[in-house]
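Be aware that the sequence shown starts at 2, since it is given in the working numbering, and climbs by one per residue.
Only one structure is covered here, and it is reproduced in the block below.
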Amino acid sequence: MSSSPPAPPSPDDPARPGPGPGESYREFRRPIAVLVLCTGTAGFLDAFAFLRYGTFVANQSGNLIFLGIGPAGWHPAWPAAGASLLAFAAAAGVVSWIRSLPGRWSPALRGLAATTLGLSLWTFLNVLLHHGQDGPVSRAVLAAAGGLATGAFTTLFVRTAGVKTTITYQSGTVVKTGGYIVRWIAAPGTDRNRARQASLLGLLTLVCYSIGGGIGAVAQQRPHWVPAWGLLALVPVALLVRRVRTGT
């Protein structure tokens, strides 16, 4: 009597064997340290942008809400939310495509280069436009610049130890972490161990994003060079990239 083969594990399942596309263990020498640093930086930049421009540059779910309540008269900064969302989507799409191309340098280095350019542009405009104090147009321009930077930034991490991870928006992380925690409690044997690993990874990501947001709230009191601090955070990240060339 034969039985049908088991279904392959989902790409988002912590039990999925081996590294997949964008696996951070393949791209970084200390991926957990890089995840902590990048997620904290994303929360830091997002909090700063919200408190100064009235919109997010990473949490695009929040910006979608602003696009709904703004025209209803409850959030005047909604054009900046739209600018951030469009810029984020464009940057994430373009940089993801660039990362997939064959070439001399690794996808991680290309993503870092794009993020560096985005943060440099944002820093320049943040100083030039007086961190959004000149009115709604300047805030929309700055939100778009921040969206470009964080859209590139989000491509740096896709998967860690077989678990889908994000560094710039956390709604999906909350959902997946909740599911993993239930499996940690209820699943048997090996599945429980894998669910525990994924749960702890998700909780670490959420805590780092929140702590970064708190630091960003403090930093916005001296707002001129805040985006440049994101550039400083990229220095140790660059040092941890695996120096592997991906093509000729």
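Idealized CB from N, CA, C, for every residue including glycine.
Would the beta-carbon of residue i fall within 7 Å of that of residue j?
i	j	result
Asn60	Ala82	no
Ala218	Ala50	no
Ala145	Ala88	yes
Val37	Phe29	no
Cys39	Ile168	yes
Ser200	Thr178	yes
Pro228	Leu130	no
Gln171	Leu207	yes
Cys209	Gly41	yes
Starting from the Cα of residue i, find the closest Cα among the options and give me that residue.
i	options	result
Gly231	Asn194, Thr116, Trp185	Thr116
Gly214	Pro77, Leu233, Phe57	Phe57
Val159	Pro189, Ala93, Gln222, Gly190	Ala93
His225	Leu207, Ala234, Leu143	Leu143
Gln198	Gly190, Ala188, Tyr181	Tyr181
Thr124	Ala239, Arg184, Leu46	Leu46
Leu110	Leu130, Leu157, Cys209, Ile66	Leu157
Arg243	Val95, Ser97, Ile66, Trp106	Trp106
Ala91	Val128, Val238, Gly148, Arg100	Gly148
Gln221	Ile66, Asn127, Pro108	Asn127
Arg184	Leu102, Gly190, Ala196, Gly173	Ala196
Val175	Leu205, Pro189, Ile99	Leu205
Ala239	Pro108, Val96, Ser101	Pro108
Could you give the first and the last residue of the continuous alpha helix (DSSP H) run that contains residue i?
i	result
Ile212	190-220
Gly231	227-240
Tyr181	172-187
Arg243	Per DSSP, Arg243 belongs to no alpha helix (DSSP H) and is neither H nor E.
Gly94	79-101
Ala153	137-154
Val1	Residue 1 falls outside the range modelled here, since the chain spans only 2 to 249, and no answer is possible.
Arg111	108-129
Arg27	25-28
Between residue i and the rest of its own chain, which residues show a CB-CB distance below 7 Å, the 5 nearest in sequence each way excluded?
i	result
Leu68	Trp79, Ala82, Gly83
Met2	Since pLDDT at Met2 reaches only 42, below the 50 mark, its modelled position is unreliable, and no value is offered.
Leu235	Leu113, Thr116, Thr117
Arg100	Pro108, Arg111, Gly112, Thr156
Quick one: residues in its chain with C-beta nearer than 6 Å to the C-beta of residue i, no 5 flanking neighbours on either side, listed in chain order?
i	result
Gly133	Arg53, Tyr54, Ser139, Arg140, Leu143
Leu86	Gln61, Asn64
Ile1	As displayed, the chain neither begins before 2 nor continues past 249, which places residue 1 out of reach and without an answer.
Thr166	Phe158
Leu233	none
Ala187	none
Leu122	Ala146
Can you list, in chain order, the residues of its chain with a C-beta nearer than 8 Å to that of residue i? Leave out the 5 residues immediately preceding and following it.
i	result
Arg31	Leu241
Pro72	Trp79
Measure from the C-beta of residue i to each C-beta in chain C and report whether the shortest distance is under 7 Å.
i	result
Ser211	Among the protein chains of the structure shown there is no chain C, as only one such chain exists.
Open item on the list: I'd like to know if the stretch 109-128 and the stretch 151-158 are in contact, where contact means that at least 3 CB-CB pairs between them fall below 8 Å.
Closed with: As far as the Cβ criterion goes, the stretch 109-128 touches the stretch 151-158, which means the pair count is three or higher.
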